[in-house]
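Undergrad: Sharing a structure with you now.
Chains as they are written, first to last, in our numbering: chain A, -8 to 144; chain B, 14 to 126.
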C-alpha cells in the first residue's frame, strides 16, 4: 500500500498532462488536486475553471467510495450517471516504473467525465467548475464566465 | 520477469478512437509479429463486441462504458494478463504507455522465450 504522499508523487510525475478542455472551451485543462481526507482525488480543469474530469487514485478499485464522494461534493443538482464513471489500471510496465515497483503493483484510476454532450443541449444547464482561487468545486450554469466560487468572489 | 510463454495478444478497440488507431493497435500488431504470435482485434462496433465485453469483464477494467483500448496477453497455460488501458487524460499519455510497454522488462522477457 502506497502512502498518499507517494501516490500523489506518482500521479504528479506519471499521470500529469496538459490537454485541451473537454467540451467547454479551447483553453488548456490541467491537473489540480482536491482537498480530500485519506484519499487522493484530482480534477482536470481548464483556465476558466470548467472541470473536464474528476479522478480518484488508489491502490485498490473503490468505485462505490468515489461515487459517494461525488454525490457528497456535488449534491443532487449534478446527476452522476454510472456510464460516466470508468476505471483504469496502471501497471509498472506502462507507467515506465518497473525499476521502482514489483510486477503486482498498480494504480487504479476512477474517472468521472462531465458529459458535455448532455449539457450542450442547454447552455443554462448546471455544470461543475473548480474555483481558480481556493480550488474548491462549485456549480453554476455552463455558459457562465465566472471562475470563482461564492466565497472567493 | 515473465516465466510463461506468450500465446496471443488481444486488443479491444474502436476505429474512431485515436487512443486505439493507430496509437495502440499498430504497435501491438507489430509486437505480435515480432513475437510470432497472433494478434486478435476486437472492434467494439462489430459483432465482436460480445467477445470484447467478455475479455474486459473477466480480465480488464470493466465499467458500463469501459475505456478503450484494452490490451491483454494470453499465455500458453491459458491464463490472461491485462497489460494496458488507454489513458483518458490524453492520447499523448496512451502513446507513452504503449512505448513504455514495448520497452518494458515484461516484453523483453517474452522475447527471450
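Beta carbons are placed, not taken as given, at the ideal position from N, Cα and C, and that holds for glycine. Just so we're clear, the structure is a prediction, and the values are computed from it rather than from any experiment.
For a minimum of 4 consecutive residues, which ranges assigned as the alpha helix (DSSP H) are wholly contained in the stretch 46 to 86 of chain A?
TA: Correct list: 54 to 65 and 83 to 86.
Undergrad: Closest Cβ-Cβ distance between residue 49 (chain B) and chain A: below 7 Å?
TA: So, not an interface residue.
Undergrad: Tell me whether the beta-carbon of residue 71 (chain A) lies closer than 7 Å to the beta-carbon of residue 61 (chain A).
TA: Yes, the Cβ-Cβ distance between residue 71 (chain A) and residue 61 (chain A) is below 7 Å.
Undergrad: With 9 Å as the C-beta to C-beta threshold (strictly closer), list the residues of the stretch 68 to 93 of chain A near chain B in chain order.
TA: If the cut-off is 9 Å between Cβ atoms, the stretch 68 to 93 of chain A has 72, 73, 74, 75, 76, 77, 78, 79, 80, 81, 82, 83, 84, 85, 86, 87, 88, 89 and 90 near chain B.
Undergrad: For residue 8 (chain A), return the contacting residues in chain B, with the cut-off set at a CB-CB distance below 7 Å.
TA: Residues of chain B passing the Cβ test: 102, 103, 105 and 106.
Undergrad: Report the option in B:71, B:96 and B:55 whose CA atom is closest to the CA atom of residue 86 (chain B).
TA: It is B:96 whose Cα lies nearest to the Cα of residue 86 (chain B).
Undergrad: Apply the 10 Å Cβ neighbour rule to residue 134 (chain A) and answer buried if 16 or more other Cβ atoms are within range, or exposed otherwise.
TA: Looking at its Cβ environment, which holds fewer than 16 other Cβ atoms inside 10 Å, residue 134 (chain A) is exposed.
Undergrad: For the beta strand (DSSP E) holding residue 102 (chain A), just list the boundary residues, first then last.
TA: Its beta strand (DSSP E) spans residues 98 to 104.
Undergrad: Report all residues from its chain with a CB closer than 6 Å to the CB of residue 13 (chain A); omit the five preceding and five following residues, and keep chain order.
TA: Hits under 6 Å: 43.
Undergrad: Output, in chain order, the set of chain A residues within a Cβ distance shorter than 7 Å of residue 125 (chain B).
TA: Residues of chain A passing the Cβ test: none, with the nearest at roughly 15 Å.
Undergrad: Can you check which of these residues, B:22, B:53 and B:48, is closest to residue 125 (chain B) by C-alpha distance?
TA: Here the closest residue by C-alpha is B:48.
Undergrad: Between residue 81 (chain B) and chain A, is there a C-beta pair that is closer than 7 Å?
TA: No, no contact with chain A.
Undergrad: Please say whether residue 15 (chain B) and residue 115 (chain B) have beta carbons closer to each other than 7 Å?
TA: No, the Cβ-Cβ distance between residue 115 (chain B) and residue 15 (chain B) is not below 7 Å.
Undergrad: Using a Cβ-Cβ cut-off of less than 9 Å, give me the residues of the stretch 31 to 62 of chain A that come near chain B, in sequence order.
TA: Listed in sequence order: 35, 44, 46, 52 and 54.
Undergrad: May I have the straight-line CA-CA distance separating residue 100 (chain B) from residue 24 (chain B), to the nearest angstrom?
TA: Each residue's alpha carbon lies about 15 Å from the other.
Undergrad: Whether or not the stretch 112 to 120 of chain A and the stretch 80 to 99 of chain A are in contact is what I'm after, with contact meaning three or more pairs of Cβ atoms, one per stretch, closer than 8 Å; do they touch?
TA: With the cut-off at 8 Å, the stretch 80 to 99 of chain A and the stretch 112 to 120 of chain A do not touch.
Undergrad: Cβ closer than 7 Å: which chain A residues qualify as neighbours of residue 114 (chain B)?
TA: Within 7 Å Cβ-Cβ: 84 and 85.
Undergrad: Based on DSSP bridge pairs, tell me the residues matched to residue 37 (chain A).
TA: Beta-bridge pairing links residue 37 (chain A) to A:20.
Undergrad: Looking at chain A, is there any beta carbon in it that lies within less than 7 Å of the beta carbon of residue 66 (chain B)?
TA: False, the Cβ-Cβ gap to chain A never drops below 7 Å.
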